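Chains as they are written, first to last, in the numbering used here: chain A, 25 to 922; chain D, 25 to 922.
In this text, a Cβ means the ideal position worked out from N, Cα and C, and glycines have one as well.
Values in this document were obtained by computation on a predicted structure and should not be read as measured data.
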């Protein structure tokens, strides 16, 4: 088996085998660029080593042959006493894992060849410094000795010689240091530093292999979801030196600006230095502009190469180069990382330069990048000091006065103040305050807590679970370490990294949101040219995605205002209009009467009271969405959610008794709450069960919908409605609700003399619904997958309870790679979705299929839904553009595969 | 299509088409018995009528032809003025639905034929009484008139004439009554009573068809799980009369005693009477013995027929007969209903008489019958008056002093008192009291409440959800209407019907339980002959079931005592040994320390404390089950279940503050409970999650198991253990726990120099586990289906919450036919089980499969598990004999099908 590829044998498509670095070095070699010669040991060799604990049998011979070829190309010999070849031994996996694995430089130096290197470069100091670096790196990396032993020794030497800077050490000082280093090795590794250059090389290669499996590398892969069994390739190349004197140097350059996406080359150059000096940022670097003035020839050579590479790779390139005694060497290139804004701008630049197609451009941007662009952010040029860090729950940057009460938040916002709502956690009652606030900060709960989910839904900045903050609601202040935040104090929160600051930090607002709200033409008049290029790029790519995607995109919206935003952001309908928020606020009293009703008469009275309210709710939403579909979900949550907390009432009752008082209303309320109390409300009396048991409730809602539609129709509008029944587990439940609803609709139709375009379907959010989909589909016009609940029941954990407790240990142990509430669990929950689709379509080929859980706005999940044959996804209004973009990308990706 | 079968055309195997009654009448006709001639209209005709709302086109003609044949056989003509044929029109479905559908007798009488009937029978009174009955029945049944109008009129006539008894009315009185009845019909049905006999017949047939769909018939079918679409057949037969005078009569007889199963004929006879007089029990009947003395010829004819029928049907027969003027007519026969005891005894009698095989005998008894025999019952000869009725939660009869506190129950039982534990509801803390009590009575909760489930598991009598009872725990009394039960008052509860009595009712204990405990030989010495025959029959049938069954039967047992009973009852191992009960009682303090531990050191200290306790727990159980497998489930419930209730603590804390006191322990406990509080504990931090997060907990348990086994082995015993990991949802969870456990076991093995036969597997109780079974099976030696939890997550409802709230309305609406916690939901939960089996066995063909949920002891579910290819079921010790019997029957039934 061939385990070694010389650089001139590989190419950029062999990343699996040669790693990203090796493949790109090969590609550049074949392009005729001046790449130091070398060879790559394949990932296959690494994998065999990791599996069997020893290198493949003939690897040693293959190295011998490859080294001989390298020596021929370099016209030097490894370990030669006169003019020694030095090599670098570098890791390089298929996916970039910057800084995670090992590199050993200057391999080939020993007590003899160091003399030769000094002579041939006429620079003893340089030679001994190179040797010193090799011994240090080898000791630490290959022999696993604590690196501090070397750095301490280095510092001690400097102190003894009373010098400040490394370069003040002379050749003799460095020679003595090498001696010390060798003693450290002998003492700690119980072995001598190997003098044989080939032994140095072999040991270095193996240590790079091993570095694939260090803890930090494994953790990185887990986080970045890189498979564990790929292994790393090892590149062995001739060393070149940028620190040989004034005609040497080293630099990094990009073919366009990776931070903004602006055209024109961009980079840093450092004279008489090695690569690590640029990266560490110790010395002041020159811009490429400045370099062009002192090294015009090198610069113009570099420009030619940059252009060549960009055209060749058809993408932004990130290039490392070194100048050794006036000769330009290219050490590495790769497709350059870039910011979200740069991604959009550069993609469209390449389209306009006719290097790539619109499809390719679309595949080069992502929903995650678009999300970033949609949130405001803190001015990056300012130095800031957070007082604590919570969970980055909903991105963006928000500044305002701290308030600890939702009512206060609403009042202050009313009079024009910017506020940040600070709570232990939030619940549906805080909705008013959350809408009014610029941002939300909680001390408890995770990424899927109420605060986080609602905030993301609204596109509002939130930091959750900032556990250092101790919120005292009664006295309206919060403590965080030595800091105290009083009501009215200004604070700033960063939802992109979870940081919390005291005082005001400057915020930059999102031009993308302005564009979505105002349209391209109008927004462009008020923007800078760079910003115009960005919004134009986003606009073109979104429209292209729309033209490609097969998934329809709807929004989850409960209010007319949400509906309006959804429509502006490109939603093609409302896929989930919850009705529970309509029962809050003042109407809570009506619900309380409904729950406490002791006779049919009392119950019906509260229902009658609700009818005109519900009808006007629906009418306003249908008005906003005229001509587009609105999917209304009948009431889902358990009724006791509309009542006070049981423990609170018990405390009140106990205190009342203690004080010798009597409160009959309290007793009655307590009894009702106790009766309705559930040990596991998530698994209790909710969804369709509520509709089947509380006589008249669903009928009221259906009637309100039908009457609202009839009025709209009479006014010349075109309402289209889907009635969605939640939490169905068996065919009969839906069948009963459906026939009652059909009867009510028919009554309204006949009374108002209209034909109402209403379909009736169900959420699929219980495993049993998915498994028995073939029967359910016979009475459903559509299925809408409620992926949140389906995830809870399939896994048997509730979002409210488990996230804080065991998600982070589960992520650490690798049981989960990501929260299944964030990205759909394809293996489990996804399997049920596929079963439901297959069985449902078997008995009802016209069945329309949607998703209305949180996952409807998650990029990876959208790709999964596309593959399943789902018809539409529905997500929060703010996520609609993301969903449009990713749905387009999903369609392109499937086309590529098929 | 042939819609009508003359009795001589049918046979007993045509029950689908002719109904049970029609098929048996045909069978007897062909046997040459004297059955009044007639014909059957098929269920097909009924179904078509019910579907289309009208009878099949050619049914009328077929009736005409069948009627002509009947008239020929009877040698009379319907409606004839001289010697009229009268017919009965009776319902008769495939499955017996006694009293649920309609019957019309004496069809064919009108104002003219009644005169002829009077003449030919020489009995005007008889003729007018028959006509009176026809008009009444027709009015009520066919014309849907309130039956009270007729009976009121009848009573009025009797009062006017000042007579006491019906038979005192003369022919003229009855004639006048007919006139009045006809007026009632005219007034209420706006139509005349039809004089045309054929019209009477046709209308009667249709009204029988319609009676298939009355509310009470539908409810009955729902309860008995009879399909709704079978329809009823209609038998039309010549009327014969037992009330023609002293040489006439009517009776019912059984070929053996259906109450006890004793040999010898058994029945009732009534001279000069009609069938309904026997059934209504108004007049004193004669025994068959007495009848043989006055009608020796008829009796001996009857004996011949009874013998013939029993041999022919190879089963106990229930026969209706009538003697008309000295001629014996057989009106109906069917396989007789019998008590549980009779079922076992008669089945074995037939085997011994070589009429049936052991296999057939086994198919004629059921687990449900065996359960009945295992519970004690109240003396049936005593008249009793219950004060209220709750849910029959766990059968049996219990008498004892009412106590309202588990500790008191345990104390009183200790000193030899029989007690009934009375609680609002029970929780795991009541376990001690429940074990000590003779019975359990709760005012809340349903058939699957904690009290009910635990009581059934222990085979202990329980009545739950007796809502009329208002339990006052603080003051130790309960009120129920006008009654008050104080602590120490004697009460009796009947777990078979839910009745509650004040005072002592005599109890008969179960001989079957004595037999299981003592063995056949020993128990037989102390029993009466009938009882010996019964226990022998049960013994032989259980052993036969053991020889046939493919399912292994294990028991769920947590204590050495449970294990001992399980073994006696025939368990082949413990399929579920829960470890949570081992953490209660005094050890609760240790758990509290574990939960409150703030440092690793504190946590480890409490674990160290638990090790010897756990080890001795296991040792005792292994000892009882030596040489049989014990499946130990690692700790499953959330830790906060071992702590006090949050609301209670909050109340305490509020009161402490109110009183100006300080209680630091309380504050600390409250904080911990608050931290661990879960909104949905069923979906929270429990099962394997607990094991993965609380470092050392599972390791402690595994170590205790291994050490206990090592000690047993050293003592020459043969422990076999399976370690079962609960609530696994993904492969990685099990994989991590498995490798840690394997390491600990290996350590103990090496330290103690033994080889420990331990396998490691998982419960499958989450949908995701079933769906991803192919991966999980690679690290599992066995799967044990936890069908309780699997039902909860598949349906998305929790047993604790939903039963009371919506199971009964769901049963009423027909959404559920039975609680899915009682009998496995084959369509949903069962589908997941099948998916898991198929996928699991694909990657691990040696995978051993069991069930350890409540369903393991449910007859219908056992048949399902057998069909799925499950290897064993595990159920409460008390259910083990039932499971053995039903597993045997399941094997036979599959063999019959294949």
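Could you pull out every residue in the same chain whose Cβ sits closer than 8 Å to the Cβ of residue 236(D), ignoring the five residues on either side in sequence? 70, 74, 115, 117, 125, 255 and 256
Could you say which of 273(D), 865(D) and 329(D) lies nearest to residue 289(D) if we only look at CA atoms? 329(D)
Quick one: give me the first and last residue of the beta strand (DSSP E) that residue 601(A) is part of. 597–601
Going by DSSP in three states, residue 401(D) sits in which element: helix, strand or coil? strand
What is the rounded straight-line gap between the Cα of residue 25(D) and the Cα of residue 133(D)? 31 Å
Short CB-CB distance (under 8 Å) between residue 792(D) and chain A: yes
Does DSSP put residue 876(A) in a helix, in a strand, or in coil? coil
Quick one: give me the first and last residue of the beta strand (DSSP E) that residue 739(D) is part of. Unbroken run through residue 739(D): none, as it is neither H nor E.
Taking 6 Å as the limit between beta carbons, can you name the residues of its chain near residue 100(D), skipping five residues before and five after? Setting aside the 5 residues that flank it on each side, residue 100(D) is surrounded in the same chain by 107 and 109, each with a C-beta closer than 6 Å to its C-beta; the list follows chain order.
Neighbourhood of residue 739(A) by C-beta, 6 Å cutoff - its chain only, sequence neighbours within 5 removed: none
Between residue 208(A) and residue 177(A), which are expected to be in contact by the criterion C-beta below 8 Å, what is the C-beta distance as a whole number of angstroms? Right, their Cβ atoms sit about 7 Å apart.
Partners in chain A for residue 830(D), counting only beta-carbon separations shorter than 7 Å: Residues of chain A whose Cβ lies closer than 7 Å to the Cβ of residue 830(D) are, in chain order, 709, 713 and 717.
Taking contact to mean at least 3 C-beta pairs separated by less than 8 Å, is the segment 832–846 of chain D in contact with the segment 768–783 of chain A? no
Cβ closer than 7 Å: which chain D residues qualify as neighbours of residue 760(A)? 837
Taking the C-alpha atoms as reference points, what is the distance between residue 764(D) and residue 723(D)? 7 Å
Considering Cα atoms alone, identify which of 331(A), 400(A), 356(A) and 418(A) is closest to residue 377(A). 331(A)
How many Å lie between residue 141(A) and residue 55(A) at the Cα? 31 Å
Show which residues of chain D have a CB atom less than 7 Å away from the CB atom of residue 753(A). 819 and 820
Identity of the residue in 259(D), 666(D) and 342(D) nearest residue 16(D) by Cα: Since the first residue of chain D shown is 25 and the last is 922, residue 16(D) is not available in this structure.
Chain A contact for residue 675(D) (CB, 8 Å cutoff): Cβ-Cβ to chain A under 8 Å: yes for residue 675(D).
Taking residue 456(D) as part of the alpha helix (DSSP H), name the residues at either end of that continuous run. Per DSSP, the unbroken alpha helix (DSSP H) holding residue 456(D) starts and ends at 455–460.
Run through chain D and tell me which residues come within less than 7 Å of residue 671(A), C-beta to C-beta. 670, 671 and 674
Report all residues from its chain with a CB closer than 7 Å to the CB of residue 418(A); omit the five preceding and five following residues, and keep chain order. Cβ neighbours of residue 418(A) beyond the five flanking positions: 476, 479, 480, 484, 485, 486 and 519.
Please decide whether residue 852(A) counts as near chain D, where near means a Cβ-Cβ distance under 8 Å. Yes, residue 852(A) counts as interfacial toward chain D.
What residues from the segment 590–606 of chain D come within 8 Å of chain A, judged by C-beta to C-beta, listed N to C? In summary, no residue of the segment 590–606 of chain D has a CB separated from any CB of chain A by less than 8 Å.
To the nearest angstrom, how far is the alpha carbon of residue 426(D) from that of residue 470(D)? When rounded, the distance between both Cα atoms is 21 Å.
Using only the alpha-carbon positions, how far apart do residue 387(A) and residue 558(A) sit? When rounded, the distance between both Cα atoms is 17 Å.
Integer Cβ distance of residue 227(D) from residue 218(D), believed to fall under 8 Å: 7 Å
Give the range of the alpha helix (DSSP H) segment to which residue 323(D) is assigned. 320–337
Give me the residue from 340(D), 264(D) and 267(D) with the minimum Cα distance to residue 291(D). 340(D)
Please name the residue in 29(D), 636(D), 65(D) and 324(D) whose C-alpha comes closest to that of residue 53(D). 29(D)
Please state the DSSP three-state secondary structure of residue 148(A). In the structure shown, residue 148(A) sits in a helix (DSSP, three-state: H, G or I).
Within a Cβ cutoff of 6 Å, which residues of the same chain sit near residue 584(D), ignoring the five residues on either side of it in sequence? 644, 645 and 648
On the CB-based measure, 16 or more other CB atoms within 10 Å of its CB, does residue 624(A) come out buried or exposed? exposed
Would you say residue 346(D) lies against chain A (beta-carbon separation less than 8 Å)? Residue contact with chain A for residue 346(D): absent (no Cβ-Cβ distance below 8 Å to any residue of chain A).
Using a threshold of 8 Å, state whether the C-beta atoms of residue 129(A) and residue 158(A) are closer than that. yes
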